[in-house]
Amino acid sequence: MKHITEMSKDDLKGIKLIVLDVDGVLVKRGTKIKQKGNLTTLETKKIANKQIEQIKQLSKKGFHININSGRGLYMLQEMFREVLEFVSLTYENGSATWFNGKIIQHINSFNFLKNVIPKLKRIKHKNIKGFEPKEFIITIHCTNRVKAIESVIAKEKELYYIWNGEAYDIGVKNKQLKSIGLIKLISVLGLKRKNVLVIGDNYNDREMMSVGKIAVTADKKRVTGDFYVELKGKKLPADILMARILKIK
Ligand SMILES: [Mg+2]
Numbered sequence: 086m087k088h089i090t091e092m093s094k095d096d097l098k099g100i101k102l103i104v105l106d107v108d109g110v111l112v113k114r115g116t117k118i119k120q121k122g123n124l125t126t127l128e129t130k131k132i133a134n135k136q137i138e139q140i141k142q143l144s145k146k147g148f149h150i151n152i153n154s155g156r157g158l159y160m161l162q163e164m165f166r167e168v169l170e171f172v173s174l175t176y177e178n179g180s181a182t183w184f185n186g187k188i189i190q191h192i193n194s195f196n197f198l199k200n201v202i203p204k205l206k207r208i209k210h211k212n213i214k215g216f217e218p219k220e221f222i223i224t225i226h227c228t229n230r231v232k233a234i235e236s237v238i239a240k241e242k243e244l245y246y247i248w249n250g251e252a253y254d255i256g257v258k259n260k261q262l263k264s265i266g267l268i269k270l271i272s273v274l275g276l277k278r279k280n281v282l283v284i285g286d287n288y289n290d291r292e293m294m295s296v297g298k299i300a301v302t303a304d305k306k307r308v309t310g311d312f313y314v315e316l317k318g319k320k321l322p323a324d325i326l327m328a329r330i331l332k333i334k
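Now the structure itself:
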């Protein structure tokens, strides 16, 4: 694995699509959520002005930028409001993509999840902070792991759960993956896998990081890649990556 400063112009040959994960890459990790009865309080993060400029510049250079996140569309649209003209948004772990105001749905999870949601809602545990509003996957924020959630999902053969240190993402095995959303987007854009560079930092990024030509990891302990960027320090990994691409391209 090479450090990002070793990325050369030659490495970028043929790259047309840059895929950016959000949490831990474009913004710091951590979602503030509180739920009391029917009242949910959820913090909306904004991307920094510098990243807005970087995305615009990459777009000017001919790159398509895809934001690929476990978050919901309503949230991503708010976060990326200033650059919606320049990006597509693949959301809820590859379930669908928003592009130029249109929604392309990649998977129908309704029948897979409808019976498990009430079972999960019945679980009462001090670690559970709240259910993040989602359309296609289930995300439960917790202060720590909750065995009861894991055993409900373990009984569902078609479902997976990913514990990322702050929340459980629950979805359909081999169907609700960021990689599936990315592969569908590549064909919508008329591109090939060799045209793709991906940056991610977490367990739900693993499959999508092996889709393209280049993978950049923002957390070597969780996911591997061809290049790495430090998670620590003031600058966010996406900032460092975009600066590097703009410098060499
Ligand atoms: Mg992430």
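Every position in the sequence shown, counted from 1, becomes a number in my numbering once 85 is added. Note that CB positions come from ideal geometry on N, CA and C, so glycine has one too.
With contacts defined as CB atoms closer than 9 Å, Gly179 and Ile189 fail to qualify as a contacting pair. Of the residues assessed, Tyr159 falls on the exposed side of the cut-off, its CB having fewer than 16 other CB atoms within 10 angstroms. For Gln162, the enclosing alpha helix (DSSP H) has its first and last residue at Leu158 to Met164. If you check the C-beta of Asn287 against ligand 1, you find a heavy atom less than 8 Å away.
Residue environment analysis places Pro322 among the buried positions, since at least 16 neighbouring C-beta atoms fall within 10 angstroms of its C-beta. CA-to-CA, the gap between Gly275 and Tyr245 works out to about 31 Å.
Counting only runs of 4 or more residues that sit fully inside the segment 114 to 186, the alpha helix (DSSP H) segments are 134 to 145 and 158 to 164, in chain order.
The closest CA to that of Val308, considering only Leu316, Gly285 and Val281, is found on Gly285.
Around the beta-carbon of Gln139, 16 or more other beta-carbon atoms lie within 10 Å, marking it buried.
Pairing Leu326 with Leu102 gives a Cβ-Cβ distance that is not under 9 Å. Short note on Val107: C-beta closer than 8 Å to some heavy atom of ligand 1. Between the alpha carbons of Lys204 and Ile213 lies a distance of about 14 Å. Remark: the shortest separation between the CB of Val301 and any heavy atom of ligand 1 does not fall under 8 Å. Here DSSP, grouped into helix, strand and coil, assigns Glu217 to strand. When rounded, the separation of the alpha-carbon atoms in Gly215 and Thr125 is 8 Å. Within 10 angstroms of the beta-carbon of Ile330 lie 16 or more other beta-carbons, which makes it buried. DSSP lists Lys87 and Val301 as the beta-bridge partner residues of Phe312. Taking a C-beta distance under 9 Å as the contact criterion, Ala252 and Glu220 do not qualify as a contact pair.
Taking 8 Å as the cut-off, the C-beta of Asp290 counts as close to a heavy atom of ligand 1. Note on geometry: alpha-carbon atoms of Arg156 and Ile265 lie some 16 Å from one another. Going by DSSP, Val237 is part of the alpha helix (DSSP H) stretching over Lys232 to Ala239.
Among the bridge pairs identified by DSSP, Thr224 is matched with Glu217 and Asp254. The C-beta of Ala303 has 16 or more other C-beta atoms within 10 Å across all chains shown, which makes the residue buried. The alpha-carbon separation between Asp290 and Val257 amounts to approximately 15 Å.
In the three-state reduction of the DSSP assignment, Leu267 falls in the helix class.
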